[in-house]
DNA sequence: TAGTTCAGTTACCATAAGGTATGTATAGAT
DNA sequence: ATCTATACATACCTTATGGTAACTGAACTA
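Residue numbers (our numbering), protein chains in the order written: chain A, 1287 to 1419; chain B, 1287 to 1419.
The following block contains the structure:
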């Protein structure tokens, strides 16, 4: 799908419809976004179901409103399951689906790749000041 | 860094400071975002420098204000070079850096992974309606 | 003298994202 | 009768993102 040419440039071959392409980009953007990524990460570390409050405690800085929204979106995308136990007070457990786990591994892989290159990124940030007008 | 355990769960081992971790997440989020990704993609396909107007034409739907912002951010992150030729009217060329090209290959790899799994994502989207309150 | 070109900048506006604070339902404990 | 716990929903407000439209500057052209 992506090949490096011998002149150092890259070639991208696409076999998707525009709709599929757009959908894949959207999923990529969602899965890499701050809150979904952190929520999935917490659920992966838990290695099992977590109650709403436990997730809220562990995802530092998130509000319960945004956590609710994030979990609902993840559920709608099939990345997380929501299980309601009709007790009083209610108990709701969230867990990563296998698909969510696989996606997370891929995203974390990219994140680690970036982390390994951080020195390069820092070095590349405006080494001199050549580009002023 | 990421290992799948034999019980099907995953283990994440981190050796970064919080600051490095946050920076890597930020770069991940930026590189996966809609406009930066599309701009980098166009520049990669061009296999060489492109003038501002050419990029503007090829990135469908972007406004020149946002394109300017996007290119400046990519430049500040060392993913794109900006070369000003002091003519009248001015000529400015943008080109992917090697680092930008490498990052793009990684991001596009993830994007292609998602694209290959699109049937799974579609199948996982609310197959029945079990989770109503 | 006025118009064209290029790569922006600036002002203004609409929408989205996200935060805080408060309300809600229900059963059990005090 | 009141309080507590849980998982939200809702109202309200601020900030961020992004779009449109108009303006700029300097040289060349008609």
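Backbone N, C-alpha and C define an ideal beta-carbon position, used for all residues, glycine too.
query: Under the three-state DSSP convention, the category residue 1403 of chain B falls into; result: coil
query: 9 Å Cβ cutoff met for residue 1382 of chain B and residue 1366 of chain B; result: yes
query: Of the listed residues B:1373, B:1305, B:1307 and B:1384, nearest to residue 1360 of chain B (C-alpha basis); result: B:1384
query: CB of residue 1320 of chain A within 9 Å of CB of residue 1340 of chain B, strictly; result: no
query: Cβ neighbours of residue 1323 of chain B in the same chain (closer than 7 Å, five flanking residues each side left out); result: 1317 and 1393
query: Residues near residue 1348 of chain B in its chain [Cβ-Cβ closer than 8 Å; skip 5 each side]; result: 1321, 1324, 1325, 1342 and 1356
query: Closest residue to residue 1411 of chain B among A:1388, A:1396, A:1395 and A:1358 (Cα-Cα distance); result: A:1358
query: CB contact below 9 Å: residue 1364 of chain B versus chain A; result: yes
query: Range covered by the beta strand (DSSP E) that runs through residue 1382 of chain A; result: 1377-1382
query: Span separating the alpha-carbon of residue 1395 of chain B from that of residue 1390 of chain A; result: 14 Å
query: In chain order, each beta strand (DSSP E) run of at least 3 residues that lies wholly inside the region 1296-1333 of chain B; result: 1296-1298
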